[in-house]
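The opening residue of the sequence shown carries number 0 in numbering that gives the first Met the number 0; numbering runs sequentially from there. What follows is one structure encoded as structure tokens, with my remarks underneath.
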Amino acid sequence: MSTSEQHTPDAQGDHVWVDVQNSPDFVELRRRLRSFVFPMAGLFLAWYVAYVLLADYAHGFMSTKVVGNINVGLILGLLQFVSTFVITTLYVRHANKNLDPLAEKLRNELEGGQA
Numbered sequence: 000m001s002t003s004e005q006h007t008p009d010a011q012g013d014h015v016w017v018d019v020q021n022s023p024d025f026v027e028l029r030r031r032l033r034s035f036v037f038p039m040a041g042l043f044l045a046w047y048v049a050y051v052l053l054a055d056y057a058h059g060f061m062s063t064k065v066v067g068n069i070n071v072g073l074i075l076g077l078l079q080f081v082s083t084f085v086i087t088t089l090y091v092r093h094a095n096k097n098l099d100p101l102a103e104k105l106r107n108e109l110e111g112g113q114a
């Protein structure tokens, strides 16, 4: 396949996707997705950077023993995994409640020819 080939929209296909992309429901779907994903990604990134900076610059704090040989660094490291699972669970709930019904509506309209 050549990179110089031009894709020309057919009369029935491509314009439908553009229409759906510009529809109020699709715009709302993107808004709902972004309103969850962007803040959550920022929060997790800040938490991860804080962990890395503490590990690099706060050796004394991170090596503070909490119980036996378990120190603050180990606990915070394990909390990275816990926070990943929590974020995943929150996203699944958000998607099931706020994204999937609207996506299903859009899909039904598109497949049914009502878009």
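Cβ atoms here follow ideal geometry from the backbone N, Cα and C, with glycine treated the same way. In this text the structure is predicted, and so the values were computed from the model without any measurement.
- Along the stretch 15-94, the beta strand (DSSP E) occurs as fully enclosed runs of 3 or more residues at 64-66, listed in sequence order.
- For M61, the CB contacts under 7 Å within the same chain, skipping 5 residues up- and downstream, are L53, A54, N70, V71, G72 in chain order.
- About 6 Å separates the CB atoms of I86 and F43; that is less than 8 Å, so the two are in contact.
- Short of 6 Å from the beta carbon of G41, and not among the five residues preceding or following it, lies no beta carbon of its own chain.
- Just so you know, the alpha carbons of Q20 and L109 end up roughly 11 Å apart.
- Measuring C-alpha to C-alpha distances from Y90 to each of R30, A102, F35, A57 identifies F35 as the nearest.
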